[in-house]
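*Asks:* A single structure is presented below for examination.
There are 2 protein chains.
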Amino acid sequence: MRPTVRDVAEEAGVSLATVDRVLNRRAGVREATIARVEAAVARLGFVRDLAAANLAKQRSYRFVFIIPSGPNIFMRTLEQQAVEAGRRGAALDRISVEVVPVPPFDGAALARALDALDTDTVSGVALVATDSAPVREALSRLHAAGLPVVTLVSDVPAFRRSHYVGIDNVAAGRTAASLIGRFVGGRRGKIALVAGSMLVRDHVERRMGFDQVIRAEFPHLECLPVLEGRDDAEITGQVLAACLAQQPDVVGLYNIGAGNRGIIKVLSGNPAYRQLVVVAHELTPHARNALREGLFDAVIGQDAGHEARSAIRILKAHIDGMPVVEGQEHIRIEIYLRDNLP
Amino acid sequence: MRPTVRDVAEEAGVSLATVDRVLNRRAGVREATIARVEAAVARLGFVRDLAAANLAKQRSYRFVFIIPSGPNIFMRTLEQQAVEAGRRGAALDRISVEVVPVPPFDGAALARALDALDTDTVSGVALVATDSAPVREALSRLHAAGLPVVTLVSDVPAFRRSHYVGIDNVAAGRTAASLIGRFVGGRRGKIALVAGSMLVRDHVERRMGFDQVIRAEFPHLECLPVLEGRDDAEITGQVLAACLAQQPDVVGLYNIGAGNRGIIKVLSGNPAYRQLVVVAHELTPHARNALREGLFDAVIGQDAGHEARSAIRILKAHIDGMPVVEGQEHIRIEIYLRDNLP
DNA sequence: AAGATTGTGATTTACGTACCTCAAAATCTG
DNA sequence: CAGATTTTGAGGTACGTAAATCACAATCTT
Chain A
481 MRPTVRDVAE EAGVSLATVD RVLNRRAGVR EATIARVEAA VARLGFVRDL
531 AAANLAKQRS YRFVFIIPSG PNIFMRTLEQ QAVEAGRRGA ALDRISVEVV
581 PVPPFDGAAL ARALDALDTD TVSGVALVAT DSAPVREALS RLHAAGLPVV
631 TLVSDVPAFR RSHYVGIDNV AAGRTAASLI GRFVGGRRGK IALVAGSMLV
681 RDHVERRMGF DQVIRAEFPH LECLPVLEGR DDAEITGQVL AACLAQQPDV
731 VGLYNIGAGN RGIIKVLSGN PAYRQLVVVA HELTPHARNA LREGLFDAVI
781 GQDAGHEARS AIRILKAHID GMPVVEGQEH IRIEIYLRDN LP
Chain B
481 MRPTVRDVAE EAGVSLATVD RVLNRRAGVR EATIARVEAA VARLGFVRDL
531 AAANLAKQRS YRFVFIIPSG PNIFMRTLEQ QAVEAGRRGA ALDRISVEVV
581 PVPPFDGAAL ARALDALDTD TVSGVALVAT DSAPVREALS RLHAAGLPVV
631 TLVSDVPAFR RSHYVGIDNV AAGRTAASLI GRFVGGRRGK IALVAGSMLV
681 RDHVERRMGF DQVIRAEFPH LECLPVLEGR DDAEITGQVL AACLAQQPDV
731 VGLYNIGAGN RGIIKVLSGN PAYRQLVVVA HELTPHARNA LREGLFDAVI
781 GQDAGHEARS AIRILKAHID GMPVVEGQEH IRIEIYLRDN LP
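In the order they appear, the protein sequences are chains A and B.
Note that the first sequence covers residues 481 to 822 in this note's numbering.
Note that the second sequence covers residues 481 to 822 in this note's numbering.
Next up, the structure:
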């Protein structure tokens, strides 16, 4: 049988109340006594039964997810997964999840949303970060209030948040470059790059990683300046169409951000574009179709459901003072070809 | 506040004891009363608090993982992850995990191990299945005894087990073929295939998927007969070396099973072999090095930690009568290039 | 109709921890 | 050494469910 607090009390030769004071770091216990209790805990290998503890504590967790609004399908999936994970968590643990939408690429709006949070009733925050000064300040305020903060998908400097949940975007960019470079197969030419905005870290980092590898390993390829599509299918389509019309020797295309629908529309509009090696992000239904039809050659994905669940687990672990299981929370760079579509 | 059994009792106009009988499907309640209680449950949206229930029940879960012994690093990782997940589970839920080693590729031994399980004290079984008649029969016996059974990595026919935790091996084979086909870049030639044994389903399925895609999409490539390395580095190395020495026009290599060490030794022994496009399975330290050095071109992986945790969650869900969260338990086919190594 | 069987209710204890109160003991202060 | 203060002990209640006991009523047997 597992040892209980009673066993610890007996082993340490103190009362149950004292063990309780030590375990819950309440004041009013002499150093020497604390040491005795801790020794007993160690000797018995006592581990607090979290289920029973939470039952007694009647603790509940109120988590807020701040996610960009708009048609970005990945963000919508993330939102939906967060809500669903919350619904499920409500049954087992006492978790509730609320989603607060904010306009995309708008640091000021995000900062306002952060400042509007009631730090007394909210127990943790997960957000897709736009990396700007007001956001960083707002995060510092949350940190000061003792709220755990998790960044999703796109990060901010490490000391502003408790944890980052998302892929390594530099590595994702490198991967995209490697795939395009190898799939192009020795031909020389230019590569078109489309991002949402250079105001979000994830896009900046992907671009960086991409550049690195192209320069180092595929010097016969050349990256064109990054187009900005604001993660909007319309705009993305327009800027890409203009670029392709103007540049004759494009052999590859890397869509760093969202707006795959716009890309697909342009590509399927001109048979010549089928030759292009295309890599995009996020396995949305559109991207999946494009892969199946050979319009896209690879898609780099990340598991929105995993990220939502992971964020919740991490916030909860921070509050409970439990360690985070790194292996479980690491978000992988997924590569999809036509052949491993789930 | 969440409704409790008391609320349900009041709402249904019956006593707590009756509610308890209905909820736990105990005998001695009239149909009409059962219906009334169930209506009340539905009306209030009552969900039993599993933590409290397990606390009261003093229920504990004893899970047995049956994993092939031997030097196969992936299997060793799986074992270690299972033990670790069990250690962690001991604190929260009351989970214990034991690992039973069996000789690899030995259906009779596996069947004996299954039959040796004490179905009274074991609450669930996870196994890496060798697919043979005695194993299928032993699984049927476990099923009859009411034990949930999860297959890991390699499957058996669906009605013999409760759930399969692992990648879609046919798709994995297709993915390998697609990568090799595209990386070869139009050259024509032969592809060497090395598996552990054609007695395990995962290897058979990978091979099938691989063949499919090569035939359909890369007709200029030809698959050589499958070599069997018994997931052993020594043997794998020997059969591969012999094959390569004999076949002059091999352009690609797919290692379906383990024994990457043997492959690497052969490849690094002859500079000419550096030209080969090589795809292997499982991101072991050796495979990782080989990727980094360009000896391997891609590695197809699966997350052993995820699989171990997933198996435990699924077994527990079966016992608790809770639904399985498919999205969470789906094991992805991971593709690793030099650039997205974690 | 007496006895057996079955359905139901009321009540209690238990699980392991948190947290509260009140009193007693130990230690410190002057 | 008295008085003040800090530390410790004893005991209780609570969390939400499981499960047991006992009592009684309703229904069925013969």
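We treat Cβ as the ideally placed atom computed from N, Cα and C, and that holds for glycine.
Give me the subset of the region 631-660 of chain B whose CB atoms are less than 8 Å from a CB atom of chain A, sorted by chain position.
*Replies:* 648, 651, 652, 654, 655, 657, 658 and 659
*Asks:* Which term fits residue 629 (chain B), buried or exposed, when burial requires 16 or more other beta carbons within 10 angstroms of its beta carbon?
*Replies:* For the purposes of this step, residue 629 (chain B) is taken as residue 149 along the second sequence, with counting starting at 1. It is buried - the Cβ of residue 629 (chain B) has at least 16 other Cβ atoms within 10 Å.
*Asks:* Go to residue 542 (chain A), then tell me how far its beta strand (DSSP E) extends in each direction, as first and last residue.
*Replies:* By 1-based counting over the first sequence, the position of residue 542 (chain A) is 62. Per DSSP, residue 542 (chain A) belongs to the beta strand (DSSP E) from 541-548.
*Asks:* Closer than 8 Å, Cβ to Cβ, to anything on chain A: give me those residues from the region 512-545 of chain B, in chain order.
*Replies:* 527, 529, 530, 531, 532, 534 and 535
*Asks:* Thinking just about the alpha-carbon of each residue, which of B:560, B:770 and B:774 is nearest to the one in residue 662 (chain A)?
*Replies:* In the first sequence, residue 662 (chain A) corresponds to position 182, counting from 1. With distances taken between Cα atoms, residue 662 (chain A) lies closest to B:774.
*Asks:* What residues of chain B sit near residue 808 (chain A), judged by a beta carbon separation below 7 Å?
*Replies:* Numbered from its first residue, the first sequence carries residue 808 (chain A) at position 328. The answer, in chain order, is 785 and 789.
*Asks:* Taking 8 Å as the limit between beta carbons, can you name the residues of its chain near residue 608 (chain B), skipping five residues before and five after?
*Replies:* By one-based count along the second sequence, residue 608 (chain B) stands at place 128. 546, 547, 548, 555, 558, 631, 632, 633 and 634, listed in sequence order.
*Asks:* Within the continuous alpha helix (DSSP H) that includes residue 614 (chain B), where are the two ends?
*Replies:* Locating residue 614 (chain B) in the second sequence gives position 134, where the first residue counts as 1. Residue 614 (chain B) -> alpha helix (DSSP H) spans 613-624.
*Asks:* If the cut is a Cβ gap below 9 Å, which residues of chain A does residue 822 (chain B) touch?
*Replies:* Numbered from its first residue, the second sequence carries residue 822 (chain B) at position 342. Chain A residues near residue 822 (chain B): 648, 651, 810, 812 and 813.
*Asks:* Tell me whether the beta-carbon of residue 731 (chain B) lies closer than 8 Å to the beta-carbon of residue 670 (chain B).
*Replies:* Counting from 1 along the second sequence, the entry for residue 731 (chain B) is found at position 251. Counting from 1 along the second sequence, the entry for residue 670 (chain B) is found at position 190. Yes; because the gap between Cβ atoms is below 8 Å, this pair is in contact.
*Asks:* Just to confirm before moving on: does the CB-CB distance between residue 716 (chain B) and residue 739 (chain B) stay below 8 Å?
*Replies:* Position 236 of the second sequence, counted from the first residue, corresponds to residue 716 (chain B). Position 259 of the second sequence, counted from the first residue, corresponds to residue 739 (chain B). Yes, these two residues count as a Cβ contact at 8 Å.
*Asks:* Where does residue 810 (chain B) fall in DSSP's three states?
*Replies:* For this step, residue 810 (chain B) is matched to residue 330 along the second sequence. Of the three classes helix, strand and coil, the one that applies to residue 810 (chain B) here is coil, per DSSP.
*Asks:* Going by DSSP in three states, residue 655 (chain A) sits in which element: helix, strand or coil?
*Replies:* Working through the first sequence from its first residue, we reach residue 655 (chain A) at position 175. Helix, per DSSP.
*Asks:* Does the distance from the CB of residue 611 (chain A) to the CB of residue 544 (chain A) come in under 8 Å?
*Replies:* Mapped onto the first sequence, residue 611 (chain A) falls at position 131. Mapped onto the first sequence, residue 544 (chain A) falls at position 64. Cβ atoms of residue 611 (chain A) and residue 544 (chain A): not closer than 8 Å.
*Asks:* Alpha carbon to alpha carbon, how far is residue 601 (chain A) from residue 788 (chain B)?
*Replies:* Counted from its first residue, the first sequence places residue 601 (chain A) at position 121. Counted from its first residue, the second sequence places residue 788 (chain B) at position 308. Computed Cα separation, rounded: 36 Å.
*Asks:* Around the Cβ of residue 708 (chain A), are there at least 16 other Cβ atoms within 10 angstroms (buried) or fewer (exposed)?
*Replies:* As a working note, residue 708 (chain A) is residue 228 in the first sequence. The residue is buried, with at least 16 neighbouring Cβ atoms inside 10 Å.
*Asks:* Check the Cβ of residue 554 (chain B) against every Cβ in chain A and list those closer than 8 Å, keeping chain order.
*Replies:* By one-based count along the second sequence, residue 554 (chain B) stands at place 74. Those within 8 Å of residue 554 (chain B) in chain A number zero; the least Cβ separation is about 15 Å.
*Asks:* Rounded to a whole number of angstroms, what is the C-alpha to C-alpha distance between residue 536 (chain A) and residue 582 (chain A)?
*Replies:* Taking the first residue of the first sequence as position 1, residue 536 (chain A) is located at position 56. Taking the first residue of the first sequence as position 1, residue 582 (chain A) is located at position 102. Distance between the alpha carbons of residue 536 (chain A) and residue 582 (chain A): 37 Å.
*Asks:* For residue 772 (chain B), which residues from the same chain have a beta carbon less than 8 Å from its beta carbon, with the 5 sequence-adjacent residues on both sides left out?
*Replies:* Within the second sequence, the letter at position 292 stands for residue 772 (chain B). Hits under 8 Å: 818 and 821.
*Asks:* Report yes or no: do the region 682-701 of chain A and the region 643-662 of chain A share at least 3 C-beta pairs separated by less than 8 Å?
*Replies:* yes
*Asks:* Sort A:586, A:807, A:598 and A:702 by Cα distance to residue 666 (chain A) and report the nearest one.
*Replies:* In the first sequence, counting from the first residue as 1, residue 666 (chain A) sits at position 186. For the residues A:586, A:807, A:598 and A:702, the minimum Cα distance to residue 666 (chain A) belongs to A:702.
*Asks:* Counting only C-beta atoms, is residue 818 (chain A) closer than 8 Å to chain B at any point?
*Replies:* The residue you call residue 818 (chain A) lines up with position 338 of the first sequence. Chain B, which has a Cβ nearer than 8 Å to the Cβ of residue 818 (chain A), makes this yes.
*Asks:* What do you reckon, are the CB atoms on residue 560 (chain A) and residue 646 (chain A) nearer than 8 Å?
*Replies:* Along the first sequence, read from residue 1 onward, the residue named residue 560 (chain A) stands at position 80. Along the first sequence, read from residue 1 onward, the residue named residue 646 (chain A) stands at position 166. No, these two residues do not count as a Cβ contact at 8 Å.
*Asks:* Considering only C-alpha positions, which residue in the set A:539, A:683, A:761 and A:767 is nearest to residue 573 (chain A)?
*Replies:* In the first sequence, residue 573 (chain A) corresponds to position 93, counting from 1. Cα-wise, what sits closest to residue 573 (chain A) is A:539.
*Asks:* Between the region 485-497 of chain A and the region 515-529 of chain A, can you find at least three pairs of beta-carbon atoms closer than 8 Å?
*Replies:* The region 515-529 of chain A is in contact with the region 485-497 of chain A.
*Asks:* Could you please give the first and the last residue of the uninterrupted alpha helix (DSSP H) stretch that includes residue 765 (chain A)?
*Replies:* Start at 1 with the first residue of the first sequence, and residue 765 (chain A) comes out as number 285. Its alpha helix (DSSP H) spans residues 765-772.
*Asks:* Pair every Cβ in the region 742-760 of chain A with every Cβ in the region 719-729 of chain A, then say whether three or more of these pairs are closer than 8 Å.
*Replies:* Yes, since at least three Cβ pairs between the region 742-760 of chain A and the region 719-729 of chain A fall closer than 8 Å, the two stretches touch.
*Asks:* Comparing alpha-carbon positions, which option in A:675, A:736 and A:728 lies nearest residue 752 (chain A)?
*Replies:* Residue 752 (chain A) sits at position 272 when you count from the first residue of the first sequence. When each option's Cα is compared against that of residue 752 (chain A), the closest is A:728.
*Asks:* Taking Cβ positions, are residue 768 (chain A) and residue 736 (chain A) nearer each other than 8 Å?
*Replies:* Looking up residue 768 (chain A) in the first sequence gives position 288. Looking up residue 736 (chain A) in the first sequence gives position 256. Taking 8 Å as the cut-off, the Cβ atoms of residue 768 (chain A) and residue 736 (chain A) do not count as close.
*Asks:* Give the straight-line distance between the Cα atoms of residue 502 (chain A) and residue 625 (chain A), rounded to the nearest whole angstrom.
*Replies:* Position 22 of the first sequence, counted from the first residue, corresponds to residue 502 (chain A). Position 145 of the first sequence, counted from the first residue, corresponds to residue 625 (chain A). Their backbone Cα atoms lie some 25 Å apart in a straight line.
*Asks:* Rounded to whole angstroms, how far is the Cβ of residue 606 (chain B) from the Cβ of residue 795 (chain B), which I believe are closer than 8 Å?
*Replies:* Here residue 606 (chain B) is taken as the residue at index 126 of the second sequence, counted from 1. Here residue 795 (chain B) is taken as the residue at index 315 of the second sequence, counted from 1. Their Cβ separation, rounded to whole angstroms, is 7 Å, which keeps residue 606 (chain B) and residue 795 (chain B) in contact under 8 Å.
*Asks:* Out of curiosity, what's the CA-to-CA distance linking residue 526 (chain B) and residue 570 (chain B)?
*Replies:* Position 46 of the second sequence, counted from the first residue, corresponds to residue 526 (chain B). Position 90 of the second sequence, counted from the first residue, corresponds to residue 570 (chain B). The alpha-carbon atoms of residue 526 (chain B) and residue 570 (chain B) are separated by roughly 28 Å.
*Asks:* When the Cα atoms are used, what is the spatial distance from residue 733 (chain A) to residue 757 (chain A)?
*Replies:* Position 253 of the first sequence holds residue 733 (chain A). Position 277 of the first sequence holds residue 757 (chain A). The straight-line gap from Cα to Cα measures roughly 6 Å.
*Asks:* Just reading off the beta strand (DSSP E) that residue 804 (chain B) is part of, what are its end residues?
*Replies:* Position 324 of the second sequence holds residue 804 (chain B). Element bounds for residue 804 (chain B): n/a, residue is neither H nor E.
*Asks:* 8 Å is my cut-off, CB to CB: does residue 687 (chain B) come that close to chain A?
*Replies:* In the second sequence, counting from the first residue as 1, residue 687 (chain B) sits at position 207. For residue 687 (chain B), the answer is no, since every Cβ of chain A falls outside 8 Å of its Cβ.
*Asks:* Put residue 750 (chain A) into one of helix, strand or coil per three-state DSSP.
*Replies:* Position 270 of the first sequence, counted from the start, is the residue given in the question as residue 750 (chain A). Coil.
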